[in-house]
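The structure appears right after this line, and notes come after that.
2 protein chains.
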Amino acid sequence: MATHNVQPVLINGAWRESASVSTFEPVNPLTKEPTSEIYPVSSIKDIETAIEHAAEASEDLLNVEPNTIADFLECYADRIEARRSEFVDMAHIETAYPKETRLDGIELPRTTNQLRQAANATRNRSWTYPTIDTQANVRSMYAALEGGVVVFGPNNFPFAFGSISGGDFAAAIAAGNPVIAKANSSHPGTTRLFAEEALEAAQGLDLPTSMVQLIYRTPHDIGERLVSHPLVGATGYTGSRSAGLVLKNAADQAGKPIYLELSSINPVVILPGALQERGPEIAEEFVSSCLLGTGQFCTNPGLVILQKDADTDLFIQSVSQQFGDAPVGTLLGESVEKGIVAGVRALQDAGAELLVGGESGGGTGFCHQNTLFQVTGAQFLAQAETLQEEAFGNESLLILVDDLDQTQQILRSLEGNLTGTIYSANNGADDATYNQVAHILRRKVGRLINDKMPTGVAVSPAMNHGGPFPATGHPGFTAVGIPAAITRFSQLQCFDNVSPNRLPAELQDENPLGIWRCVDEKWTN
Amino acid sequence: MATHNVQPVLINGAWRESASVSTFEPVNPLTKEPTSEIYPVSSIKDIETAIEHAAEASEDLLNVEPNTIADFLECYADRIEARRSEFVDMAHIETAYPKETRLDGIELPRTTNQLRQAANATRNRSWTYPTIDTQANVRSMYAALEGGVVVFGPNNFPFAFGSISGGDFAAAIAAGNPVIAKANSSHPGTTRLFAEEALEAAQGLDLPTSMVQLIYRTPHDIGERLVSHPLVGATGYTGSRSAGLVLKNAADQAGKPIYLELSSINPVVILPGALQERGPEIAEEFVSSCLLGTGQFCTNPGLVILQKDADTDLFIQSVSQQFGDAPVGTLLGESVEKGIVAGVRALQDAGAELLVGGESGGGTGFCHQNTLFQVTGAQFLAQAETLQEEAFGNESLLILVDDLDQTQQILRSLEGNLTGTIYSANNGADDATYNQVAHILRRKVGRLINDKMPTGVAVSPAMNHGGPFPATGHPGFTAVGIPAAITRFSQLQCFDNVSPNRLPAELQDENPLGIWRCVDEKWTN
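Residue numbers (our numbering), protein chains in the order written: chain A, 1 to 525; chain B, 526 to 1050.
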């Protein structure tokens, strides 16, 4: 590939030269050198062309059997696996994530598993929640939106949350929508490889040519045009709060659904009994969770609440020691390094006591020392807004509280988060206080966890990877977990007095698909 | 009751003097005279006090058994029925709706039925959609929000969509939320009577004192503060598009869910075969639906698409005759009369041909002649935006199209609507064209109807009283239909690795409540 050629965009089933306003070069986070690929920043022309073709594809997809869409998802998963070493190599260059222990060993299987689960839900129609009232002859189900779905992927999961490979992509496609993927600028090459395979898979099944389209970057105002365009159905966005809120505002004003995953500090409450019972074990779990992937997880434990006592002193000592000893991982890029530097400075300015780390560097490429702060409960309450701002990366803040009452006050002062964790003693010593913590915490978070760190997010039908604002834009939706994640990218359609032969198969009396449905308030298949 | 006393507001379980900025007097639409009751316009002080108490009640309700909330809804329904003649008399004075054929005969039973259906869903927990993954030990369900729910009721259903008696109220309460009701200014007295009974019902069951609160009106900026307040959980709003979009903007910016039902012209497509087969019958159905309640229904058929031919001429003749002959109903108030006058003028300015009516007056009190317009398909397409603006009341616009292609173009030019209706021949004459119309129409609307007018909205689990923007704010939610309407006022809560004895009863392995749940992808009870 010629070094100075600008990469084409994928629009209307073909790789074509972008109507670009400028270009950018991704940077290898380990070497801080450009990767030698040049990508276009799309103008409004690319965007409008892609949107119009997606809208056509959205109508064409009405005539495509769900099973063919399922075939696409499965065929795409197979193709990803067939080319896995190339994906892993490219993502390693663009993200610095370890090949075996992260990209190939964990994230790629998660991604193809997710695509296959979505295919399964497309076949069994679980995400459509068919509801039938035989007496009134009123029937409803969820069905694809009108217009394409725009997906903005985050920097931290080049595969599993990638704009053309991850959960939002799989969900939007499974519901029968075309996707316009907006690559994350930190790993455009990885995204390009996915798009190549997605296109081949779609073409192989004679699917609408614009079912999968890809652009790499847009100026900010054009991003806002994209999510608010009359022909767009909805948007899925995972990324920074600041950029996400700008897009949310544009989409909201146009009345376009936008699903956001923005930021989260994932409070962990370690009750005194648990600390007494197994402090060293919890310390290890915490360090491992907090530094995993250089702390670049949406569910990274960024806030730990501990009651002051002798066990707590030991815990802090141990954790500080481990933070100092652990190797410093590479961050995803310069902006992430700058972000953690700014976050650390903000905590210091607010009077947080630095226990370990605190400076840039200490590892290879873009990096920052493993950093741990502490504050008292009173300090936190005095500046709760500042002290709960996310510093994305290998950093965490410990809060030393006086008593249960102060813990409750702190929990009440928290914004919405993805997760909240409570560690309690196995011997029952914390049972009396557990509920007093849990009943506040569980409404602040999408997922309440017991006795393990929050960084694992199982792809389970019962998962909620969501939470109250500003963790996401709406407390009723999840970005992980099938079928619920799929149903986000749909509209509720009701059929009132419609003749049997005109009903979608999902809603016909005889249940020709043999799927789960709620008929006269009973679930049957 | 003293004529010049300002009515108190209901805050924190007591009727208290409002911290008001001004007052207003509702007007009897039949006599155009004030009803002799004076109501306060609340200041920010009332609002903040109510919000704080609602937030406390929201936490207190965590300790209340769902069955007690169901008892409340049922007891409240009983109390409404026990005092029905007073409700009917007051609503008649404030809305001019007929007592027997509307208020007592239809709307009151619908209202109490809805409250009882909500009670039933509270008992059987259907709205919580429990989902269990036994292998991963991850479990999720929908649960009440944090903070009170604000409900703004519309002018056109003083009972069934009333802020403290209607569908949004029932849904918010059923999910375990306290409600702050904002009365519609056109029927504050009716709302007050409901609040009296709701309070008594709550007190009789020792429920949190601030579970139901009532204010009557606020200045606009304070309405925006209300829906965006950090301690508010969500808002339900039914009313005008202009006011609704201002509230939506405020709520969106604060990340607060807001469910809106804004406006809808409910397109009706009458295919040629149907018109040939039973034109006179359809004409009668249309006139009756369009003039029902003086056309003041969200699902009023405001746009009818007909293909030009001899049957169409007869249809138009018949409909025009009936519109002219039918008695002119009273409108809900001066603002509704002004609204239809403005809407009619806008249609005339856009070149629509007036077939009948067109002027204020013709009946008793606030009123406007039954009004019918026609345009050609080409005219409509040239000014689609103006010609699809809702003129709320006893008015409709007929579009005469050249062919199926033009019908499709018109349907594509429509905004989101609550309903879309297709009349087709029973003898199969329209079968070839039906799908070509339906596949476009069904994505533009929440409910696709065959062969009947849209004004009936069954309270059915399968109902969708919703639709794409700007009919509502989100295409996935319905305001009518239990359990889905309830689930709107909730958050998704996930329990990951939580000990069995700490799980909500809905999620415990042994299913102690015997409720429908999705366990390992199978629905069982």
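We treat Cβ as the ideally placed atom computed from N, Cα and C, and that holds for glycine.
This one's a predicted model, so the numbers in the text were calculated from it and none came from an experiment.
Can you tell me the Cα-Cα spacing of residue i and residue j, whole angstroms?
{"i": "residue 309 of chain A", "j": "residue 157 of chain A", "result": "39 Å"}
{"i": "residue 425 of chain A", "j": "residue 271 of chain A", "result": "7 Å"}
{"i": "residue 527 of chain B", "j": "residue 743 of chain B", "result": "Confidence at residue 527 of chain B is low in this model, with a pLDDT of 38, below 50, so the placement of that residue should be treated as unreliable; the coordinate-derived value is given next. Roughly 23 Å between the two C-alpha positions."}
{"i": "residue 273 of chain A", "j": "residue 306 of chain A", "result": "11 Å"}
{"i": "residue 449 of chain A", "j": "residue 1043 of chain B", "result": "21 Å"}
{"i": "residue 380 of chain A", "j": "residue 346 of chain A", "result": "13 Å"}
{"i": "residue 28 of chain A", "j": "residue 97 of chain A", "result": "11 Å"}
{"i": "residue 120 of chain A", "j": "residue 70 of chain A", "result": "7 Å"}
{"i": "residue 442 of chain A", "j": "residue 417 of chain A", "result": "10 Å"}
{"i": "residue 954 of chain B", "j": "residue 948 of chain B", "result": "11 Å"}
{"i": "residue 226 of chain A", "j": "residue 662 of chain B", "result": "39 Å"}
{"i": "residue 94 of chain A", "j": "residue 82 of chain A", "result": "20 Å"}
{"i": "residue 43 of chain A", "j": "residue 21 of chain A", "result": "5 Å"}
{"i": "residue 777 of chain B", "j": "residue 244 of chain A", "result": "13 Å"}
{"i": "residue 389 of chain A", "j": "residue 242 of chain A", "result": "12 Å"}
{"i": "residue 297 of chain A", "j": "residue 587 of chain B", "result": "32 Å"}
{"i": "residue 150 of chain A", "j": "residue 971 of chain B", "result": "22 Å"}
{"i": "residue 990 of chain B", "j": "residue 1008 of chain B", "result": "13 Å"}
{"i": "residue 47 of chain A", "j": "residue 39 of chain A", "result": "15 Å"}
{"i": "residue 1066 of chain B", "j": "residue 908 of chain B", "result": "What is shown of chain B runs 526 to 1050, which leaves residue 1066 of chain B out entirely."}
{"i": "residue 91 of chain A", "j": "residue 299 of chain A", "result": "21 Å"}
{"i": "residue 654 of chain B", "j": "residue 25 of chain A", "result": "47 Å"}
{"i": "residue 214 of chain A", "j": "residue 235 of chain A", "result": "14 Å"}
{"i": "residue 198 of chain A", "j": "residue 926 of chain B", "result": "42 Å"}
{"i": "residue 434 of chain A", "j": "residue 585 of chain B", "result": "17 Å"}
{"i": "residue 748 of chain B", "j": "residue 714 of chain B", "result": "20 Å"}
{"i": "residue 987 of chain B", "j": "residue 696 of chain B", "result": "15 Å"}
{"i": "residue 590 of chain B", "j": "residue 801 of chain B", "result": "58 Å"}
{"i": "residue 439 of chain A", "j": "residue 408 of chain A", "result": "10 Å"}
{"i": "residue 1000 of chain B", "j": "residue 67 of chain A", "result": "25 Å"}
On the DSSP letters alone, give me the boundaries of the alpha helix (DSSP H) that residue i sits inside.
{"i": "residue 1019 of chain B", "result": "Residue 1019 of chain B -> not in any alpha helix (DSSP H); beta strand (DSSP E) instead, spanning 1015-1021."}
{"i": "residue 798 of chain B", "result": "797-816"}
{"i": "residue 66 of chain A", "result": "66-82"}
{"i": "residue 555 of chain A", "result": "Given that chain A is displayed from residue 1 to residue 525, the structure contains no residue 555 of chain A and the question cannot be resolved."}
{"i": "residue 560 of chain A", "result": "The structure shown does not extend to residue 560 of chain A, since chain A is modelled only from 1 to 525, so the question has no answer here."}
{"i": "residue 859 of chain B", "result": "859-874"}
{"i": "residue 1011 of chain B", "result": "1009-1012"}
The beta strand (DSSP E) with residue i in it runs from where to where?
{"i": "residue 832 of chain B", "result": "828-832"}
{"i": "residue 547 of chain B", "result": "545-549"}
{"i": "residue 768 of chain B", "result": "Note, residue 768 of chain B: premise wrong, no beta strand (DSSP E); alpha helix (DSSP H) at 766-778."}
{"i": "residue 126 of chain A", "result": "Careful: residue 126 of chain A lies outside any beta strand (DSSP E) and carries neither H nor E."}
{"i": "residue 14 of chain A", "result": "14-16"}
{"i": "residue 524 of chain A", "result": "522-524"}
{"i": "residue 627 of chain B", "result": "It is not in any beta strand (DSSP E) - residue 627 of chain B carries neither H nor E in the DSSP assignment."}
Under 8 Å, with one C-beta from each stretch per pair, do the region 730-739 of chain B and the region 751-764 of chain B reach the 3-pair mark?
no
Between the region 1017-1029 of chain B and chain A, which residues of the former have a C-beta closer than 7 Å to a C-beta of the latter?
Residues 1017, 1018, 1019, 1020, 1021, 1022, 1023, 1024 and 1027.
Along the chain, which unbroken stretches of the alpha helix (DSSP H) at least 4 residues long are found entirely within the region 376-462 of chain A?
377-382, 384-387, 404-412 and 431-444
Output needed in chain order: residues of the region 715-748 of chain B with a Cβ under 9 Å from some Cβ in chain A.
Near chain A, meaning a CB-to-CB distance below 9 Å, no residue of the region 715-748 of chain B qualifies.
So if I threshold CB-CB distances at 9 Å, which residues from the region 439-450 of chain A count as touching chain B?
439, 440, 442, 443, 444, 445, 446, 447, 448, 449 and 450
Would you call the region 684-701 of chain B in contact with the region 657-676 of chain B, where contact means no fewer than 3 C-beta pairs closer than 8 Å?
yes
Inter-stretch contact (C-beta, 8 Å, three-pair minimum) for the region 391-398 of chain A and the region 364-379 of chain A:
Touching, yes.
Is it the case that the region 840-847 of chain B contacts the region 809-823 of chain B, given that we only count it when at least three CB pairs across the two stretches are under 8 Å?
Counting C-beta pairs closer than 8 Å gives three or more between the region 809-823 of chain B and the region 840-847 of chain B, which meets the contact rule.
Pair every Cβ in the region 479-497 of chain A with every Cβ in the region 94-109 of chain A, then say whether three or more of these pairs are closer than 8 Å.
Short answer: they don't touch.
Could you say if the region 462-481 of chain A and the region 254-262 of chain A meet the contact criterion of at least three C-beta pairs nearer than 8 Å?
yes
Could you tell me which uninterrupted beta strand (DSSP E) segments, each at least 3 residues in length, are contained entirely in the region 353-379 of chain A, listed from first to last along the chain?
353-356 and 371-376
For the region 318-350 of chain A, list every residue whose C-beta sits within 7 Å of some C-beta in chain B, in sequence order.
none
Entirely within the region 686-761 of chain B and at least 4 residues each: give me those alpha helix (DSSP H) ranges in chain order.
Segments of the alpha helix (DSSP H) lying fully in the region 686-761 of chain B: 692-699, 713-729 and 745-753.
Looking at chain B, which residues of the region 456-476 of chain A have a Cβ within less than 7 Å of any of its Cβ atoms?
458, 460, 461, 462, 463, 464, 466, 468, 469, 470, 473, 474, 475 and 476
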